[in-house]
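Residue numbers (this note's numbering): 461 to 623. We put the beta carbon where it would ideally sit given N, CA and C, even for glycine.
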């Protein structure tokens with residue numbers, strides 16, 4: 461419903477709350493590639509927290525989103541790396557500054573890969589080679605990849621228009 465995550469038993473119609481939300485604030489979530497875990501954030505958490513929950517055991521790992529002194533109005537847009545060992549997510553401040561952060565799930569260490577104005581770049585997810593993909597809008601539109609290991613930016617080019 462946009463405020464929490466629920467599971468429904470299709471045999472008896474019972475609804476179970478999986479992630480408690482708040483009727484005034486939103487929840488962002490994403491399932492792992494093998495569907496055994498869920499990563500989520502809740503807007504009501506101050507400082508912002510990212511949760512990784514095992515769906516079979518209910519056990520959770522958490523991390524405060526780095527730079528908790530910043531006033532994040534949104535933490536979300538969660539993308540799992542295909543191996544399930546890392547996630548990338550986006551934060552946004554009141555003054556429309558976004559960060560894309562990579563979280564190593566084995567250590568729960570976070571790294572800011574890119575910081576940008578919301579209106580100039582859009583985070584698209586992971587590439588097959590392990591880089592992060594962005595659609596940059598400035599002097600035209602271009603697709604770039606950022607290597608999360610060294611923050612090197614690779615200009616891929618402009619998108620091909622649809623016919």
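The Cβ atoms of residue 475 and residue 489 lie no closer than 7 Å to each other. For residue 553, the enclosing beta strand (DSSP E) starts and ends at 546-553. Rounded to whole angstroms, residue 591 and residue 597 show a C-alpha spacing of 19 Å.
Where residue 582 is concerned, the enclosing beta strand (DSSP E) starts and stops at 581-586. If only uninterrupted alpha helix (DSSP H) runs of at least 4 residues are considered, none is enclosed by the stretch 468-533.
Of the residues 618, 582, 593 and 599, the one whose Cα lies closest to the Cα of residue 607 is 593. Annotated three-state conformation of residue 568 is coil, per DSSP. Collapsing the DSSP output to three states places residue 578 in coil. When DSSP states are grouped into helix, strand and coil, residue 543 belongs to the coil group. Under a 10 Å Cβ-count criterion, residue 558 is classified as buried, with 16 or more other Cβ atoms of the shown protein chains found around its own Cβ. Per the DSSP secondary-structure output, residue 573 pairs with nothing in a beta bridge.
A straight-line Cα-Cα distance of about 19 Å links residue 575 and residue 546. Contact annotation: residue 595 and residue 584 have beta-carbon atoms nearer than 7 Å. Boundaries of the beta strand (DSSP E) harbouring residue 613: 613-617, taken from the DSSP string.
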